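So the protein lines, in turn, are chains A and B. For the first sequence, UniProt numbering gives the first residue as 1, with consecutive numbering after it. For the second sequence, UniProt numbering gives the first residue as 1, with consecutive numbering after it.
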Amino acid sequence: MNGNEIVGSEFAEVAVSVDTTANGPRLRLEDRRTGRVRHLDALELEALVWLPDGHLSRLLDPSADRWREDAGS
Amino acid sequence: MTATLPETAHQQTDKADKYARLIQPTRVHGSLYTDPEVFAEELERIWYRTWVYVGHESEVRRPGDYVRKNIGPQDVVMTRDRDGEVHLLLNRCAHRGNLVCDAPSGNSNSFRCPYHGWTYRNNGDLLGYPYNKGYGGKGKLALGLGRLPRVASYQGFVFGSFASDGPTLTEHLGAAAGELDRLARLSPEGEVELTAGWLKHRTRANWKLLAENETDGYHPQFVHGSIFSVTGSPIGALYSDNSTAVTRDLGGGHSENDLRPEFRRFGEPMRWFGTTEDRVPQYVARMRELHGPAAEEILVEGSPHVMIFPNLFIAEIQLFVIQPLAAGECVQHATAIQLKGAPELNRRMVSQCVGSAGPAGMLLADDTEMYERNQRGVALREPEWVDIRRGVDRERTDDNGFRIGTATDETGMRGFWSHYRNLMEA
Ligand code: FES
Ligand SMILES: [Fe+2]
Chain A
1 MNGNEIVGSE
11 FAEVAVSVDT
21 TANGPRLRLE
31 DRRTGRVRHL
41 DALELEALVW
51 LPDGHLSRLL
61 DPSADRWRED
71 AGS
Chain B
1 MTATLPETAH
11 QQTDKADKYA
21 RLIQPTRVHG
31 SLYTDPEVFA
41 EELERIWYRT
51 WVYVGHESEV
61 RRPGDYVRKN
71 IGPQDVVMTR
81 DRDGEVHLLL
91 NRCAHRGNLV
101 CDAPSGNSNS
111 FRCPYHGWTY
121 RNNGDLLGYP
131 YNKGYGGKGK
141 LALGLGRLPR
151 VASYQGFVFG
161 SFASDGPTLT
171 EHLGAAAGEL
181 DRLARLSPEG
191 EVELTAGWLK
201 HRTRANWKLL
211 AENETDGYHP
221 QFVHGSIFSV
231 TGSPIGALYS
241 DNSTAVTRDL
251 GGGHSENDLR
261 PEFRRFGEPM
271 RWFGTTEDRV
281 PQYVARMREL
291 HGPAAEEILV
301 EGSPHVMIFP
311 NLFIAEIQLF
321 VIQPLAAGEC
331 VQHATAIQLK
341 GAPELNRRMV
351 SQCVGSAGPA
361 GMLLADDTEM
371 YERNQRGVAL
381 REPEWVDIRR
391 GVDRERTDDN
401 GFRIGTATDE
411 TGMRGFWSHY
421 RNLMEA
């Protein structure tokens with residue numbers, strides 16, 4: 001694993017590193033407040049780079065995915 | 001904004017009478033500094049109405065940057081959105097009113113309230129709330145963070161007004177705008193930066209004692225005698241009877257101590273900065289390269305000493321923001337001025353600011369001692385009035401039509417009070 005930096009604000013804290021244990025590098029993101037981890041590969045990151053701002057804002061709606069009455073967890 | 005009952009015509013006349021009684025041409029009543037009712041009226045008529053300085057664009061350089069600021073007791077968040085626009089938001093959640101931002105500064109394009117997770121874009125728009133079925137789904141609430149209806153900036157200085165209409169910022173600044181120009185042109189890149197960090201001094205005094213004192217040239221020889229003698233500073237002489245410097249009422253409650261006549265008399269570049277040109281060679285060279293022969297005037301005349309109504313004080317190398325909290329309490333926010341492209345000056349300005357306004361600083365502590373004693377003094381019953389007549393009979397009008405007095409005259413205070421009275425009677 002390469003580096004381990006924190007991108008943090010008063011609102012959220014995410015540990016960021018490049019994971020090299022797989023056959024190709026992946027970005028490893030860890031939500032420090034819950035321990036939940038997500039890996040993003042190069043193509044997924046490229047998609048994020050090209051995501052229009054409006055799209056991203058929609059994901060920031062707390063009810064969009066995480067805090068929903070019908071959410072699984 | 002606070003809901004107030006509509007005033008009857010009768011109440012309005014009472015108010016006008018009251019301020020006409022308390023504010024006279026050469027004296028003002030002590031209760032103006034101590035009466036909580038006066039303070040409450042000032043909030044409505046001055047702080048929540050006119051243009052008030054809030055922050056500087058250089059404090060939110062990048063998209064997503066934000067800083068906590070204030071207008072009096074109001075907690076304001078200054079942000080820069082993805083399009084580069086600067087917003088002044090009230091730090092109050094639209095749900096149940098919690099404070100949304102806590103950090104003094106940071107970078108975030110959206111803000112999530114810690115109480116129930118309502119999330120806002122950094123322009124104040126509500127992006128969403130958790131478990132939205134309780135509100136009938138997504139996008140059902142026409143709510144957002146409070147916003148200052150008017151935001152405008154001049155030379156990067158960002159001002160806000162709680163009134164949706166009224167004079168423009170340019171009209172409000174009037175002649176004081178030229179002082180901000182004078183400051184900015186001292187930068188080889190024409191830009192002021194307020195990036196040195198802030199010192200905060202809680203002060204048990206009314207904000208007006210500070211605003212009046214900022215261009216009071218009568219006190220330095222007494223109050224600042226010790227720092228002048230320790231540092232061998234020539235500043236003291238600028239505020240003496242022999243000084244050719246003037247105190248100018250710039251209108252709109254703004255005033256300045258114009259020290260340029262003294263600096264022109266000597267004609268030495270950088271004397272205003274307490275140094276000589278060989279100590280800051282790169283800066284002087286860059287300014288000469290940029291301005292040609294016009295550089296000499298800039299380097300000789302230096303930086304302004306101006307009080308911009310009601311809360312921004314530029315004192316040559318440092319800047320103060322006055323935040324009133326109650327009739328007898330305020331906070332002074334201080335920072336070193338930084339000029340883009342002038343590292344030689346910037347280093348010195350930081351150490352000079354720390355030396356004068358830092359925790360062990362010798363200038364601000366002396367002034368603050370006077371403010372706090374003054375606050376206790378004006379609360380005593382007799383003789384009731386604060387005298388502001390000094391130099392009234394030797395006041396003149398300069399070539400541009402401004403009232404000027406000598407370096408030690410109370411011309412600036414009289415200008416402050418006449419504008420204050422207009423606002424309070426309006
Ligand atoms: S008060 Fe902010 S989400 Fe409830
Ligand atoms: Fe002073």
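Think of the CB as a built atom: it goes at the ideal place given N, C-alpha and C, for glycine as much as any other residue. All values reported here derive from a predicted model rather than from experimental measurement.
8 Å Cβ shell around residue i - same chain, five flanking residues per side excluded
{"i": "arginine 107 of chain B", "result": "A small fix is needed here, since residue 107 of chain B is asparagine in this sequence, not arginine. Cβ within range, chain order: Arg62, Gly64, Asp65, Tyr66."}
{"i": "valine 60 of chain B", "result": "Tyr66, Val67, Met78, Thr79, Arg80, Val86"}
{"i": "cysteine 101 of chain B", "result": "Tyr66, Arg68, Val77, Asn91, Phe111"}
{"i": "aspartate 366 of chain B", "result": "Val223, His224, Ser226, Ile227"}
{"i": "methionine 1 of chain B", "result": "With a pLDDT of 45 at methionine 1 of chain B, under the threshold of 50, the predicted position of this residue should be treated as unreliable, though the coordinate-derived value follows. Same-chain partners within the cutoff: Tyr48, Phe162."}
{"i": "histidine 291 of chain B", "result": "Ile298"}
Exposure label - residue i; buried when at least 16 CB within 10 Å
{"i": "aspartate 409 of chain B", "result": "buried"}
{"i": "serine 73 of chain A", "result": "Its pLDDT being 45, under 50, serine 73 of chain A is placed unreliably in this model, and the value from its coordinates should be taken loosely. It counts as exposed."}
{"i": "lysine 69 of chain B", "result": "buried"}
{"i": "serine 164 of chain B", "result": "exposed"}
{"i": "arginine 279 of chain B", "result": "exposed"}
{"i": "glycine 252 of chain B", "result": "buried"}
{"i": "lysine 140 of chain B", "result": "exposed"}
{"i": "alanine 103 of chain B", "result": "exposed"}
{"i": "phenylalanine 266 of chain B", "result": "exposed"}
{"i": "proline 73 of chain B", "result": "exposed"}
{"i": "alanine 426 of chain B", "result": "exposed"}
{"i": "tryptophan 118 of chain B", "result": "buried"}
{"i": "glutamine 12 of chain B", "result": "exposed"}
{"i": "serine 229 of chain B", "result": "exposed"}
{"i": "tyrosine 135 of chain B", "result": "exposed"}
{"i": "alanine 22 of chain A", "result": "exposed"}
{"i": "serine 356 of chain B", "result": "buried"}
{"i": "glycine 35 of chain A", "result": "exposed"}
Closer than 8 Å at the beta carbon, the chain A residues around residue i
{"i": "cysteine 101 of chain B", "result": "Glu10"}
Residue span of the alpha helix (DSSP H) that contains residue i, given as start and end
{"i": "residue 427 of chain B", "result": "Lying before the first or after the last residue shown, residue 427 of chain B is absent from chain B, which here runs from 1 to 426."}
{"i": "glutamate 296 of chain B", "result": "295-301"}
{"i": "glycine 54 of chain A", "result": "53-60"}
{"i": "glutamine 375 of chain B", "result": "364-378"}
{"i": "phenylalanine 222 of chain B", "result": "220-223"}
{"i": "glycine 178 of chain B", "result": "176-184"}
{"i": "glutamate 425 of chain B", "result": "411-425"}
{"i": "glycine 355 of chain B", "result": "343-357"}
{"i": "methionine 270 of chain B", "result": "Note, methionine 270 of chain B: premise wrong, no alpha helix (DSSP H); not H, not E."}
Contact under 8 Å by Cβ, residue i with residue j
{"i": "histidine 333 of chain B", "j": "glutamine 318 of chain B", "result": "no"}
{"i": "glycine 412 of chain B", "j": "methionine 287 of chain B", "result": "no"}
{"i": "serine 153 of chain B", "j": "tryptophan 51 of chain B", "result": "no"}
{"i": "methionine 362 of chain B", "j": "serine 226 of chain B", "result": "yes"}
{"i": "leucine 186 of chain B", "j": "isoleucine 71 of chain B", "result": "no"}
{"i": "glycine 314 of chain B", "j": "leucine 183 of chain B", "result": "Reading the sequence as shown, one finds isoleucine at residue 314 of chain B and not glycine. Their beta carbons are under 8 Å apart, which means isoleucine 314 of chain B touches leucine 183 of chain B by this criterion."}
{"i": "histidine 56 of chain B", "j": "valine 151 of chain B", "result": "no"}
{"i": "leucine 143 of chain B", "j": "phenylalanine 157 of chain B", "result": "no"}
{"i": "tyrosine 120 of chain B", "j": "leucine 148 of chain B", "result": "no"}
{"i": "leucine 259 of chain B", "j": "histidine 305 of chain B", "result": "yes"}
{"i": "leucine 29 of chain A", "j": "valine 18 of chain A", "result": "no"}
Close beta carbons around residue i, own chain, < 6 Å, minus the five adjacent residues each side
{"i": "aspartate 41 of chain A", "result": "Arg26"}
{"i": "isoleucine 404 of chain B", "result": "Val246, Arg248, Arg396, Asp398"}
{"i": "valine 7 of chain A", "result": "Val14, Val16"}
Run of the beta strand (DSSP E) containing residue i, from where it starts to where it stops
{"i": "arginine 68 of chain B", "result": "65-71"}
{"i": "alanine 196 of chain B", "result": "Element bounds for alanine 196 of chain B: n/a, residue is neither H nor E."}
{"i": "tryptophan 385 of chain B", "result": "385-387"}
{"i": "isoleucine 404 of chain B", "result": "403-406"}
{"i": "proline 25 of chain A", "result": "Taken as a continuous stretch (DSSP letters only), proline 25 of chain A belongs to no beta strand (DSSP E), as it is neither H nor E."}
{"i": "alanine 327 of chain B", "result": "Careful: alanine 327 of chain B lies outside any beta strand (DSSP E) and carries neither H nor E."}
{"i": "glutamine 282 of chain B", "result": "Glutamine 282 of chain B -> not in any beta strand (DSSP E); alpha helix (DSSP H) instead, spanning 281-291."}
Chain-ordered chain B contacts of residue i [CB-CB under 8 Å]
{"i": "tryptophan 67 of chain A", "result": "Gly117, Pro130, Tyr131"}
Beta-carbon neighbours of residue i, restricted to chain A and to distances below 9 Å
{"i": "asparagine 107 of chain B", "result": "Ser9"}
{"i": "arginine 121 of chain B", "result": "Ser57, Leu60"}
Proximal residues to residue i (C-beta, below 7 Å), its chain only, five neighbours per side dropped
{"i": "glutamate 344 of chain B", "result": "Val280, Gln282, Tyr283"}
{"i": "threonine 170 of chain B", "result": "Ala177"}
{"i": "arginine 204 of chain B", "result": "Gly328, Glu329, Glu372, Gln375"}
{"i": "glycine 391 of chain B", "result": "Gly405, Thr406, Asp409, Glu410, Thr411"}
{"i": "valine 321 of chain B", "result": "Tyr53, Asn311, Leu312, His333"}
Under 7 Å from the C-beta of residue i: neighbouring residues of chain A
{"i": "serine 110 of chain B", "result": "Leu60"}
{"i": "leucine 127 of chain B", "result": "Ser57, Leu60, Asp61"}
Test: residue i CB closer than 8 Å to a CB of chain C
{"i": "lysine 138 of chain B", "result": "Here chain C cannot be found, since the structure's protein chains are A and B."}
Closer than 7 Å at the beta carbon, the chain B residues around residue i
{"i": "aspartate 53 of chain A", "result": "Arg82"}
{"i": "alanine 64 of chain A", "result": "Gly128"}
Q) So which residues put a beta carbon under 5 Å from any heavy atom of ligand 3, going in chain order? A) Among the ligands in the structure shown, ligand 3 does not appear; only ligand 1 and ligand 2 can be found there.
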